[in-house]
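A.B. asks: Residue numbers (the numbering used here): 194 to 269.
See below:
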């Protein structure tokens, strides 16, 4: 059995494609097949993908969203 998550992003000219697998596991047990590991943040202007523990990832997304709001969506 393969273990791991794939999230990939590709940019060409002014276009970006981002994708991730949809499987959530706990040990060797598959919990979900169609999870959305790519999220739109800050009014749909920022894309973020996650791998690892789902609860941790969702908490980090919330913290990133708050920072994006505080800094008007500026990442740099």
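Where a beta carbon is used, it is the ideal one built from N, C-alpha and C, also for glycine.
(1) Go to residue 247, then tell me how far its alpha helix (DSSP H) extends in each direction, as first and last residue.
(2) Report yes if the C-beta distance between residue 232 and residue 242 is below 9 Å; otherwise report no.
(3) When DSSP labels each residue in this structure, what does residue 240 get in the three-state scheme?
(4) Is the beta carbon of residue 210 sitting closer than 9 Å to the one on residue 200?
(5) Candidates 254, 223, 206: which alpha carbon is nearest residue 235's?
C.D. replies: With the structure as the only source:
(1) It spans 247–263 - the alpha helix (DSSP H) in which residue 247 sits, taken as one unbroken run.
(2) Contact: yes.
(3) Residue 240 falls in the strand class under three-state DSSP.
(4) Judged by their CB atoms, residue 210 and residue 200 are not nearer to each other than the 9 Å cut-off.
(5) Closest option to residue 235, Cα to Cα, is 254.
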